[in-house]
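One structure is given below, encoded as structure tokens.
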Amino acid sequence: MKTIFDKKHISRTTTYLLVIVAYIVLTILQKTGNLGSLFSGLLVPVCCFIVAGIGLNLNVGISGELNLGQAGFMSVGGFTGVIVSGALSTMIPNGIIRLIIVIICGAIVAGIFGYLIGIPVLKLQGDYLAIVTLAFGQIIMSLINNLYIGIDKNGFQVSFINNTLELGEGGRVLLSGPMGANGIDRIATFTAGIILVLVALAIVYNLMYSRNGRAIMATRDNRIAAESIGIHVANTKMLAFVTSASLAGAAGALYGMNFSTLMPLNFDFNSSILILVYVVLGGLGNMKGTIISTAILMVLPELLRSLQNYRMIIYAIILILIMLVSNNATAKEKISGLFKFLKKNKAEGVEANE
Amino acid sequence: MSENNKAPILEVRDLGIDFGGLTAVNDLNLTVYPEEIVGLIGPNGAGKTTVFNLLTKVYQPTRGTIKLCGEDIGKMTTIDVSKAGIARTFQNIRLFMNMSVLDNVLCGMHNETKYSPFTGILRLPKYYSQEKMIEERAIQLLDIMDLKDDMDLMAGNLPYGAQRRLEIARALATSPKLLLLDEPAAGMNPQETEELMNTIRFVRDHFKIAILLIEHDMKLVMGICEKITVLNFGMMLAQGTPDEIQANPEVVKAYLGE
Numbered sequence: 001m002k003t004i005f006d007k008k009h010i011s012r013t014t015t016y017l018l019v020i021v022a023y024i025v026l027t028i029l030q031k032t033g034n035l036g037s038l039f040s041g042l043l044v045p046v047c048c049f050i051v052a053g054i055g056l057n058l059n060v061g062i063s064g065e066l067n068l069g070q071a072g073f074m075s076v077g078g079f080t081g082v083i084v085s086g087a088l089s090t091m092i093p094n095g096i097i098r099l100i101i102v103i104i105c106g107a108i109v110a111g112i113f114g115y116l117i118g119i120p121v122l123k124l125q126g127d128y129l130a131i132v133t134l135a136f137g138q139i140i141m142s143l144i145n146n147l148y149i150g151i152d153k154n155g156f157q158v159s160f161i162n163n164t165l166e167l168g169e170g171g172r173v174l175l176s177g178p179m180g181a182n183g184i185d186r187i188a189t190f191t192a193g194i195i196l197v198l199v200a201l202a203i204v205y206n207l208m209y210s211r212n213g214r215a216i217m218a219t220r221d222n223r224i225a226a227e228s229i230g231i232h233v234a235n236t237k238m239l240a241f242v243t244s245a246s247l248a249g250a251a252g253a254l255y256g257m258n259f260s261t262l263m264p265l266n267f268d269f270n271s272s273i274l275i276l277v278y279v280v281l282g283g284l285g286n287m288k289g290t291i292i293s294t295a296i297l298m299v300l301p302e303l304l305r306s307l308q309n310y311r312m313i314i315y316a317i318i319l320i321l322i323m324l325v326s327n328n329a330t331a332k333e334k335i336s337g338l339f340k341f342l343k344k345n346k347a348e349g350v351e352a353n354e
Numbered sequence: 355m356s357e358n359n360k361a362p363i364l365e366v367r368d369l370g371i372d373f374g375g376l377t378a379v380n381d382l383n384l385t386v387y388p389e390e391i392v393g394l395i396g397p398n399g400a401g402k403t404t405v406f407n408l409l410t411k412v413y414q415p416t417r418g419t420i421k422l423c424g425e426d427i428g429k430m431t432t433i434d435v436s437k438a439g440i441a442r443t444f445q446n447i448r449l450f451m452n453m454s455v456l457d458n459v460l461c462g463m464h465n466e467t468k469y470s471p472f473t474g475i476l477r478l479p480k481y482y483s484q485e486k487m488i489e490e491r492a493i494q495l496l497d498i499m500d501l502k503d504d505m506d507l508m509a510g511n512l513p514y515g516a517q518r519r520l521e522i523a524r525a526l527a528t529s530p531k532l533l534l535l536d537e538p539a540a541g542m543n544p545q546e547t548e549e550l551m552n553t554i555r556f557v558r559d560h561f562k563i564a565i566l567l568i569e570h571d572m573k574l575v576m577g578i579c580e581k582i583t584v585l586n587f588g589m590m591l592a593q594g595t596p597d598e599i600q601a602n603p604e605v606v607k608a609y610l611g612e
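Line by line, the protein sequences are chains B and P.
At the far end of the first sequence sits residue 354, using the working numbering, and the numbering has no gaps.
At the far end of the second sequence sits residue 612, using the working numbering, and the numbering has no gaps.
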């Protein structure tokens, strides 16, 4: 117990506690019926985007490489998950076991894609990874938009042309192009989401505070010095990138299992940028910040729904304000000065009353 | 002299590199024996740092051979050279500025720890035993370099002199046989330079390593180097003991002109 509360670990410990406390509070609210259906519906997606955000933060904040295709990896994980779940639905009726298999498959396939993209790109210096991942997100979306997959007794059938699947008796269509996957068995739960968040946190934190994590940060801070002490720069960046992609894949797989319909458009370029916004707003390299900012920024549009057409304007203004306050020393001073002023007035008021 | 009885640590023969049509270093011969402090001096642009970059394989030499303890390192990569036993510091400080002082030194022990990323993520017993081992050694190193009290600070927040010392500590963390110091006293005041000289001598005696250093501060060079090589326009101008170098008219001419 002593070690988890010392100075080095306290930030990590509070992050885990934050997630667990949030889980307990939200579960109680949900069970007692105090959580509206709107927020109940957001629980799992928020968990998914937190996991993808933690992964992206490893890549952008810790490893220092910009990635604009995190939603692409979520897409890979999501549709892998849908196909795996569809194929296994009769074999493994138990939802929990199937969900675990689905998430692991999503993570592995997304990791493989990450590895393949990383081979040519991560040897280069500069913003090439951003460009390539941006393209990857678009390519994956187009690819899945034109992908038709069905299953029957003879196994999988894959086609890139509409309605050419010749499924035998008892065959089912798993994926139908732009319509995506329909009739998904909704096996995702909030508990599973929170567990995934905790696992993602453990993976990233444990990686950060190990030999490989130090190498990742050293490479970010100074590539030449890192090589001079014997750190293999390309392999190190690859480790961070593949881990990040795998976490996005796992998040996507869980996301897919939460809705009865999953479309390729769910993971477009905007989603990638949104995840990046969550990460940047939460603070680069700060996992707790990612969790908090993801939760706030995903709930905010729903809270602002009553403002109708103005809500995106308000959303943008709030976003800009938070950025200013959290990153600008002058703005910070002014705001804290304002709080002090209010406090002082209040205190004086109390004294006067006495 | 006793050095003749020992096999040399570093043996450079006819080393040269061309950048396009420009010959930056040519026909360099350099021998460093164990536990020896050798100075590499010369006017600005003489190619001193290029020699360091050749030794650590940041540049691939066009001609010549480099042998470390008799082993040819001419075809190795920077990473393999580090593993083979050459560590260096940089003229313009290259620390991991956003990492703690302790982590900077732990990074230097990257290749001493051998556990895989999975061991790290799953926190297997091997992780704890190896981390404990290198952390103890890192704290010892920081103690020697007088940085132990600052080990939780960010490297970027250290004062200039301490950053130079931390760079040496990080280089020593790789357990080198040969340490290359690129202008270790640059930007230091006379008192700091004096302390640095003592530190360099102590490092040599304590770790039993050879040191090759580039320096413009002649007091430091003449004070601690047992042997000096003078470069001018990429060519070797003179080689000898500090007294010989100071008396050499060619060297005086290269520095002061005619």
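In this text, a Cβ means the ideal position worked out from N, Cα and C, and glycines have one as well.
Just so it is clear, the structure is predicted and the values come from calculations on it, not from any experiment.
For Asn57 (chain B), the nearest candidate out of B:His9, B:Arg211, B:Lys237 and B:Val204 (CA to CA): Sorting B:His9, B:Arg211, B:Lys237 and B:Val204 by C-alpha distance to the C-alpha of Asn57 (chain B) places B:Val204 at the top.
Quick one: grab the DSSP three-state call for Ile582 (chain P). strand
Tell me the start and end of each unbroken alpha helix (DSSP H) in the segment 38-94 of chain B that is at least 4 residues and wholly inside, in chain order. 70-88
Opposite Tyr148 (chain B) in the DSSP bridges: which residues? B:Ser159 and B:Ser176
Within the 8 Å Cβ cut-off, does Asp152 (chain B) reach chain P? No - not a single Cβ of chain P is within 8 Å of the one on Asp152 (chain B).
Whose CA, out of B:Ile314, B:Phe259, B:Gly252 and B:Leu324, lies closest to the CA of Gly366 (chain B)? This structure leaves residue 366 (chain B) out entirely; chain B is present only between 1 and 354.
When you compare the segment 43-56 of chain B with the segment 247-258 of chain B, are there three or more beta-carbon pairs, one atom per stretch, that lie closer than 8 Å? yes
Test item: CB-CB of Met298 (chain B) and Ile184 (chain B) under 8 Å: no
Let me know if Val158 (chain B) comes out buried or exposed under the rule of 16 or more other beta-carbons within 10 Å of its beta-carbon. Exposed.
Interface residues of chain P facing Ala215 (chain B) [CB-CB closer than 9 Å]: Cys461 and His464
For Arg442 (chain P), is the classification buried or exposed, using 16 other Cβ atoms within 10 angstroms of its Cβ as the cut-off for buried? buried
Out of B:Gln138, B:Tyr148 and B:Thr133, which has the shortest C-alpha to C-alpha gap to Val60 (chain B)? B:Thr133
Decide yes or no for the touch test of the segment 89-97 of chain B against the segment 229-236 of chain B: beta carbon pairs closer than 8 Å, at least 3 of them. no
Partner residues on chain B for Ser529 (chain P), Cβ-Cβ distance less than 9 Å: In chain order: nothing, as chain B lies at least about 11 Å away.
The segment 107-115 of chain B touching the segment 67-76 of chain B, judged by at least three CB pairs closer than 8 Å: yes
What residues in the segment 217-249 of chain B have a beta carbon less than 7 Å from any beta carbon of chain P? Met217, Ala218, Asp221, Asn222, Ile224, Ala225, Glu227, Ser228, Ile229, Gly230, Ile231, His232 and Leu239
Mind reading off the beta-carbon distance from Ile50 (chain B) to Ile291 (chain B)? Whole number of angstroms is fine, and I expect it under 8 Å. 5 Å
Distance between Val25 (chain B) and Ile144 (chain B) (C-alpha atoms, nearest Å): 38 Å
Is it buried or exposed for Ser260 (chain B), if we count other Cβ within 10 angstroms and need 16 for buried? exposed
Cα-Cα separation, Gly439 (chain P) to Lys531 (chain P): 5 Å
When burial is assigned at 16 or more other CB atoms within 10 Å of the CB, is Leu342 (chain B) buried or exposed? exposed
Straight-line CA distance for Cys423 (chain P) to Val435 (chain P)? For the pair Cys423 (chain P) and Val435 (chain P), the Cα-to-Cα distance works out to about 12 Å.
Please state the DSSP three-state secondary structure of Arg442 (chain P). strand
For Gly370 (chain P), list the residues DSSP reports as bridge partners. P:Arg417
Does the beta-carbon of Thr164 (chain B) have 16 or more other beta-carbons within 10 angstroms, so that it is buried, or is it exposed? exposed
Contact belief for Pro538 (chain P) with Leu550 (chain P) at Cβ below 8 Å, rounded distance in angstroms: 6 Å
At the 8 Å Cβ level, is Ser210 (chain B) part of the contact set with chain P, yes or no? yes
Please tell me whether, using a cut-off of 7 Å, the distance from the CB of Glu546 (chain P) to the nearest non-hydrogen atom of the ligand ATP is below it. No copy of the ligand ATP occurs in the structure displayed, which carries no ligand at all.
Leu66 (chain B) and Ala130 (chain B) look like a contact to me (Cβ under 8 Å); what is the Cβ gap, rounded to whole Å? 4 Å
What does the alpha-carbon distance come out to for the pair Gly510 (chain P) and Arg518 (chain P)? 11 Å
With 16 other Cβ atoms within 10 Å as the buried cut-off, status of Arg211 (chain B): buried
Less than 8 Å separating the beta-carbons of Cys461 (chain P) and Ala215 (chain B)? Yes, these two residues count as a Cβ contact at 8 Å.
Check Glu638 (chain P) in the structure and name its three-state DSSP category. Residue coverage of chain P in this structure runs from 355 to 612, which leaves residue 638 (chain P) outside it and unanswerable.
At which residue ranges does the segment 286-329 of chain B contain complete beta strand (DSSP E) runs of 3 or more residues, listed in the order of the chain? none
Three-state secondary structure (DSSP) at Val392 (chain P)? strand
Here's the rule I'm using: 16 or more other beta-carbon atoms within 10 Å means buried, otherwise exposed. How should His348 (chain P) be labelled? The structure shown has nothing for residue 348 (chain P), since chain P only spans 355 to 612.
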